[in-house]
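Remarks on the structure that follows.
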Amino acid sequence: MAKQDAAPAAQEKIPVTRREFLNLAWLASLGFFLIPVGGVTILFAYPRFKEGEFGGIFRLGDVTALPLVGDTPSENPKGKFWLTRTEEGVRAIYKVCTHLGCLYNWQQQDYKFICPCHGSQFTYESMFIQGPAPRSLDLFVMTAVNEQTGEELARTTEPNSPMPVFDDPAVAYFVDTGEKLVGISNA
2 MAKQDAAPAA QEKIPVTRRE FLNLAWLASL GFFLIPVGGV TILFAYPRFK
52 EGEFGGIFRL GDVTALPLVG DTPSENPKGK FWLTRTEEGV RAIYKVCTHL
102 GCLYNWQQQD YKFICPCHGS QFTYESMFIQ GPAPRSLDLF VMTAVNEQTG
152 EELARTTEPN SPMPVFDDPA VAYFVDTGEK LVGISNA
């Protein structure tokens, strides 16, 4: 009998009160809500646009990657722009109509950009011809960088201003689809 008396007393289980249970349930539900919100907040803080994605910077390459003077515009569907080249230089034209945001196309037989929605028409250089569009087409900012020295040689800063073309193979051309130059108003 001495052995039974020496055994430790069994711990009594204390029942959880209703108030404690509701507090734990409330905290658990709050945790289930805040964890996804916190995850979304962290993802929101990361840069959304990466190189080679719309909203980011596109590396076109050297002068051989550009269309020839007067050639059919080169379409970049991932970047949502057209590349056109004239004697003055090259332009990266945003692929969205300035009227209601439709995607326009190049019509080779008419030698102009025509919006299929409401018929706005634009020249090869992005200038307004006719239709309901309130202004010429928007351009994306372009830069020319000497990749050997890292020096920026030119940058488009004005609406409808072309990027000069350099024959140096060390010069690379970039289109920043996150920076738009608003087209010239028709008024």
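Residues in the sequence shown are numbered consecutively from 2, following the numbering used here. We put the CB at the ideal spot given by N, CA and C, even for glycine. Computed from a predicted structure; not experimentally measured.
Taken through DSSP and simplified to helix, strand or coil, N161 comes out as coil.
Burial is judged here by how many other beta carbons sit within 10 angstroms of a residue's own beta carbon; R92 has at least 16 and is buried.
CA-CA distance, T124 to D139, rounds to 12 Å. Within the model, the alpha-carbon separation for E88 versus V70 is close to 6 Å. Pairing D177 with I94 gives a Cβ-Cβ distance that is not under 8 Å.
With contacts defined by Cβ atoms closer than 8 Å, G184 and S121 do not form a contacting pair. The Cβ-Cβ distance between P133 and S186 does not fall below 8 Å.
Residue burial annotation: K96 is buried, with at least 16 other C-beta atoms found within 10 angstroms of its C-beta. Taking a cut-off of 8 Å on C-beta distances, the segment 138-153 touches the segment 162-178, as three or more cross pairs fall below it. For the segment 36-121, the full-length beta strand (DSSP E) segments reaching 3 residues or more read 58-62, 75-77, 82-86, 91-95, 106-108 and 113-115 along the chain.
Excluding sequence positions up to five before and after A66, its CB lies within less than 8 Å of the CB of Y174, all in the same chain and listed in chain order. Taking C-beta separations shorter than 6 Å and ignoring five residues to either side along the sequence, the partners of S75 in its chain run P68 and L84, following chain order. If you compare the alpha carbons of F114, E153, A155 and I36 with that of F129, the shortest gap goes to F114. The C-alpha of V41 lies about 22 Å from the C-alpha of W27. In the three-state DSSP reduction, F167 falls in the coil class, being neither helix nor strand. The beta carbon of G62 sits closer than 8 Å to the beta carbons of A173 and Y174 from its chain, once the five residues preceding and following it are set aside; these are given in chain order. A straight line joining the alpha-carbon of A46 with that of H119 spans about 39 Å.
Between the C-alpha atoms of Q110 and T73 there is a straight-line separation of about 11 Å. L138 sits in coil when the DSSP states are folded into three classes, being neither helix nor strand.
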